[in-house]
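Scroll down for the structure; my scribbles are underneath it.
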Amino acid sequence: MKIAVLKETATGEARVGATPETVKKFVGLGADVAVESGAGIGASVADADYAAAGATIGDRAATLAGAEIVLGIQGPDPAALTGAKPGAWIVAGLNPFGDRARIEAYAAAGYEALAMEFMPRLTRAQSMDILSSQSNLAGYKSVLMAAAEYGRAFPMMMTAAGTVSAARAFVMGVGVAGLQAIATARRLGAQVSATDVRSATKEQIQSLGAKPIFVENVKGIEGEGAGGYATEMSPEYQAAQAKLVSAHIAKQDIVITTALIPGRPAPRLISDAQIASMRAGSVIVDLAAESGGNVEGAVSGETVVKHGVKIIGAKNVAGTMAADSSALFSRNLFNFLSAFWDKEAGRPVLDEEIGDAIRLTLGGKIVNPRLLS
């Protein structure tokens, strides 16, 4: 069984799908691991480190030759996979809803594409979940990004010249990224509040020392969706939430938005009018900017100023910490493949529950129900 680790080609992508730690573990399972030269440079991993872990280093053609599994962060260009075995597994974050053409190309080429972001939220699959590992880092970094743009201090400071008030930070969406953003803002000394459409998150917010901001006594709330993800809200809830947020957001210095709905555009949480109510110099970080944005006027990958408020359209935030994010991502991939490793077959053999959930293509066709509905 040959596993290929490719250098990422997407603009700005510095992460890598395997580290020397996971390469060594794959070799321990009996796999041959080939790493494209320079694949780890962006994550501060030298070719020599991979070689010391037991990998073979070569150009892309040599790396792909005979490969049965190809590991990546973002799915590689199907046209650049020449040499991989027919039916080879492509194991990476594949953006199935956003890049349908690439998935169709994988099918046409006969590859079996496995989308790691479709990993079901099962207890046994927690260690395989790339969305959680990368969102954790994104939540942390989002607060640092806000702090870098905010022209004032985060903690309260008492000096001989007077007192500096603590920054007020508001986190919208309390999933993995939101919880880490709350914790990070608290560590930096901000007064933190947070909201979510799922009532179960109220205790989590309080446990981190933040103030929960929730709509109460409104019918038609459908906040808890499949797998713990939020769903779209009823019109009654949306109206009540907008009113509550408008009153609260006008008092905030920092706002972090994290709301995503799988397979659909990110929900709009902050309007232009609400931005205008904030004081000049405030900062908003939109972690959903790549999916359409939670904030009106946010631009993915750019920082814009509206009404004196800086709006950071966050893009590939976890990738800005390539060393740590690669370490976590690569462990997710190893945990996934090793959990199904069949010693007799010398390769992983997927079960139906997880295999059917993440498999996008098989036998030249798109087979995943989420892409066929």
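Everything in the sequence shown is counted per the working numbering, starting at 961 for the first residue and increasing by one. Glycine included, every Cβ here is placed at the ideal spot set by N, Cα and C.
- Pairing Trp1049 with Asn1055, the inter-Cα distance amounts to about 16 Å.
- By the C-beta criterion, the stretch 1014-1034 is judged to be in contact with the stretch 961-971, since at least 3 inter-stretch pairs fall below 8 Å.
- The Cβ neighbour count for Gly1058, taken over all protein chains shown within 10 Å, is under 16; the residue is labelled exposed.
- Per DSSP, Met1117 is not a residue of any alpha helix (DSSP H); the beta strand (DSSP E) it occupies stretches across Met1117 to Thr1119.
- Note on geometry: alpha-carbon atoms of Arg1158 and Ser1087 lie some 24 Å from one another.
- Within the stretch 1023-1067, the beta strand (DSSP E) runs of at least 3 residues that lie entirely inside it are, in chain order, 1029-1034 and 1049-1053.
- Beta-bridge pairing by DSSP links Ile1216 to Val1131 and Val1245.
- Counting only runs that start and end inside the stretch 1244-1288, the beta strand (DSSP E) elements of at least 3 residues fall at 1263-1266 and 1269-1273.
- With a beta-carbon spacing of about 6 Å, Arg1146 and Leu1168 fall inside the 8 Å limit used to define contacts.
- Counting C-beta atoms within 10 angstroms of its own C-beta, Asp1037 has fewer than 16 neighbours from the protein chains shown and is therefore classed as exposed.
- The C-alpha of Ala1015 lies about 5 Å from the C-alpha of Ala994.
- In this structure, Val1051 lies near Met1076, with their beta-carbon atoms less than 8 Å apart.
- Partner residues in the beta bridge of Ile1230, as assigned by DSSP, are Val1255.
- Around the CB of Asp1302, fewer than 16 other CB atoms lie within 10 Å, so the residue is classed as exposed.
- Straight-line measurement puts the Cα of Ser1153 at about 32 Å from the Cα of Gly972.
- By the neighbour-count criterion, in which 16 or more other beta carbons inside 10 Å mark a residue as buried, Arg1291 falls on the buried side.
- Just measuring C-alpha positions, the residue of Gly1133, Leu1320 and Gly1241 sitting nearest Gln1201 is Gly1133.
- Pairing Ala1226 with Gly1257 gives a Cβ-Cβ distance that is not under 8 Å.
- Under the DSSP assignment, Asp992 falls in the beta strand (DSSP E) whose first and last residues are Asp992 to Glu996.
- Counting the other CB atoms within 10 Å of its CB gives Met1238 a total of 16 or more, which places it among the buried residues.
- Annotation: Lys962 is outside any alpha helix (DSSP H); the continuous beta strand (DSSP E) that includes it extends over Lys962 to Val965.
- In this structure Leu1024 is in contact with Ala1044, their Cβ atoms being roughly 5 Å apart against a cut-off of 8 Å.
- Counting along the chain, Thr1123 sits inside the beta strand (DSSP E) bounded by residues Gly1122 to Val1124.
- For Leu1297, same chain residues with a beta-carbon under 6 Å away, outside a window of 5 residues either side, are Pro1308 in chain order.
- The residue among Ile1216, Ala1129, Thr1123 and Gln1234 with its C-alpha nearest the C-alpha of Val1136 is Ile1216.
- Boundaries for Glu1312: no beta strand (DSSP E) harbours it, while the alpha helix (DSSP H) harbouring it runs Glu1312 to Ile1318, taken from the DSSP string.
- The Cβ-Cβ distance between Ala1141 and Thr1218 falls below 8 Å.
- Take the alpha-carbon of Gln1234 and the one of Asp1156: they are about 18 Å apart.
- The three-state secondary structure of Gly1138, taken from DSSP, is helix.
- Excluding residues up to 5 positions away in sequence, nothing lies with its Cβ nearer than 6 Å to the Cβ of Ala1039 in the same chain.
- When the Cα atoms are used, Gly1035 and Val1265 turn out to be separated by approximately 33 Å.
- When the five nearest sequence neighbours on each side are left out, the beta carbons in the same chain lying within less than 6 Å of the beta carbon of Ser1242 are those of Asp1213 and Val1269, in order along the chain.
- Residue burial annotation: Met1116 is exposed, with fewer than 16 other C-beta atoms found within 10 angstroms of its C-beta.
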